[in-house]
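Protein chains in written order, with my numbering: chain A, -9 to 109; chain B, -9 to 109.
Structure follows, in structure tokens:
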């Protein structure tokens, strides 16, 4: 048994404007967490100059993060949760909200323990 | 070329007391970031009851997170950075600071782009 799933999405060929500024990227991250029904503890975002965003929401179930490179049309997203979640739904949401054409998804099972109890 | 490296450490057989409370886990996370010479933007931690911690530090170069399950002697750690960092040094530091005997390290190259520019 595993403690949780840690998924990463490499999101390519995004609409560069959508990757550029904190308010929209914050909306994207919060929308994903709302869709997944996970619990928010605290968030933090940073605006890079002239463009680019890094952000994080600490979750009751672990975390979600996003880091964007508008100059490459690229965003890196991950979710780690001890509660099961819909990996494909996140991929589709990222495509829709970032205008992305190409997403590479990877799934890591984390924490092999005899009898996991969600915290 | 890749935008950055995303490494995960599954840390087993830890000293359970060390995993239990925010102050020590915060020290551990800050010590790793200091050792790696990465830039801190903001941190956040949450204490679970009776024990267990979840936390992250948003970095100039991306992020570091930790989630602990003292009941399993287990901690999940990850670092994503667009600046190269010493993966083995983090593994050794985690063993030392968490009294861990067994660490499984995985490395994901993130963001395949033609000509990465660090943000």
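Built from N, CA and C at the ideal position, the CB exists for glycine as well. Computed from a prediction, not measured in an experiment: that's the story for all the values here.
Just so you know, the alpha carbons of residue 99 (chain A) and residue -7 (chain A) end up roughly 8 Å apart. Here DSSP, grouped into helix, strand and coil, assigns residue 34 (chain A) to strand. Using a CB distance cut-off of 9 Å, residue 75 (chain A) does not count as an interface residue toward chain B. Unbroken alpha helix (DSSP H) runs of no fewer than 4 residues, entirely contained in the region 2 to 68 of chain B, are found at 6 to 10 and 12 to 26, following chain order. When C-alpha distances from residue 101 (chain A) are compared across B:-5, B:-3, B:-4 and B:1, the shortest belongs to B:1. Of all residues in the region 34 to 61 of chain A, those with a C-beta nearer than 7 Å to a C-beta of chain B are 34, 36, 38, 42, 44, 46, 48, 52, 53, 55, 57, 59 and 61, reading in chain order.
For residue 81 (chain A), the uninterrupted alpha helix (DSSP H) segment begins and ends at 77 to 88. Residue 103 (chain B) carries a coil assignment under DSSP once its states are collapsed to helix, strand and coil. In the assembly as shown, residue 27 (chain A) is an exposed residue. Its beta-carbon has fewer than 16 other beta-carbons within 10 Å.
Close to chain A, meaning a Cβ-Cβ distance shorter than 7 Å, are the following residues of the region -7 to 5 of chain B: -7, -4, -2 and 0.
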